[in-house]
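In UniProt numbering, the protein residues as written are 1 to 219. What follows is one structure encoded as structure tokens, with my remarks underneath.
Right, here's the structure in full:
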């Protein structure tokens, strides 16, 4: 019974991401947050080779360049989350989610004829408990890039319906990320009338890792 929102933000000018993250952690502790330990999420991207149709298509082994045409490159995002340590999440470009056990990681190397392993990105940090919330703070790094994005993940423990929880989560986010920070962003919006699931959280991380951009303010 939880709803989770992932928020990305950038450190104020003149302040390193590490310093900004420490400042946020101290604020959580002042409010009464108790540290629970560490957390991490990682994402590896596998891109289809030229002329190979993606796994979301019916003809997964059929060359797609008949008559000189080339199929659009497809990608599979393979994610792991320390919250679900026994599971692997494979997400397609169209946001179809496959949840498998950890043996899926041994499957992907056998697909090297069709898919090339690309960049690896990750996010990690500390977990806190504050009243009816679990709060994660941390830093995301992106393979092949020097860019770092600060993250705030807020879990509301008293409901699993987004429409009942999103306003409460946003109010806490605004309290934690005050005017000293330039802005916040939700990488993906979950339909507010649906029950939240682990896949919805991993879709937010997929959106974060696949579309790196400056945060925009949540209204």
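The beta-carbon is built from N, C-alpha and C at its ideal position, and this holds for glycine as well. Computed from a predicted model, the values in this text were never measured in an experiment.
Measuring only the C-alpha atoms, how far is residue i from residue j?
i           : j           : result
residue 125 : residue 91  : 23 Å
residue 129 : residue 114 : 44 Å
residue 89  : residue 79  : 5 Å
residue 11  : residue 178 : 12 Å
residue 210 : residue 147 : 13 Å
residue 111 : residue 81  : 23 Å
residue 161 : residue 196 : 6 Å
residue 19  : residue 94  : 37 Å
residue 199 : residue 122 : 17 Å
residue 101 : residue 13  : 42 Å
residue 194 : residue 85  : 25 Å
residue 27  : residue 174 : 13 Å
residue 83  : residue 201 : 11 Å
residue 24  : residue 107 : 39 Å
Tell me where the beta strand (DSSP E) around residue i begins and ends.
i           : result
residue 122 : 115 to 130
residue 98  : 97 to 101
residue 29  : Not the beta strand (DSSP E): residue 29 falls in the alpha helix (DSSP H), residues 17 to 30.
residue 80  : 75 to 81
residue 206 : No beta strand (DSSP E) holds residue 206; the alpha helix (DSSP H) holding it covers 198 to 210.
What residue from the options has the CA that sits closest to residue i's CA?
i           : options            : result
residue 104 : 20, 44, 173        : 44
residue 29  : 110, 83, 137       : 137
residue 116 : 49, 94, 101        : 49
residue 141 : 153, 154, 119      : 119
residue 172 : 15, 33, 13         : 33
residue 15  : 41, 84, 149, 107   : 149
residue 220 : 163, 204, 151, 145 : Residue 220 lies beyond the stretch modelled for the chain, which goes from 1 to 219, so this question has no answer here.
Within the same chain, show all residues whose beta-carbon is closer than 8 Å to that of residue i, passing over the 5 residues directly before and after it, in chain order.
i           : result
residue 157 : 1, 2, 132, 133, 134
residue 168 : 156
Are the CB atoms of residue j and residue i within a distance shorter than 8 Å?
i           : j           : result
residue 176 : residue 8   : no
residue 87  : residue 76  : no
residue 6   : residue 153 : yes
residue 139 : residue 17  : yes
Return the chain-ordered list of same chain residues with a C-beta closer than 6 Å to the C-beta of residue i, the five sequence neighbours on each side being excluded.
i           : result
residue 165 : 3, 156, 159
residue 127 : 36, 37, 39, 136
residue 42  : 80, 122
residue 206 : 77, 91
Closer than 7 Å by C-beta to residue i: which residues in its own chain qualify, once you throw out the five before and the five after it? Chain order, please.
i           : result
residue 47  : 73, 75, 115, 116, 118
residue 144 : 119
Just curious, the alpha helix (DSSP H) that residue i is in, first and last residue?
i           : result
residue 162 : 162 to 176
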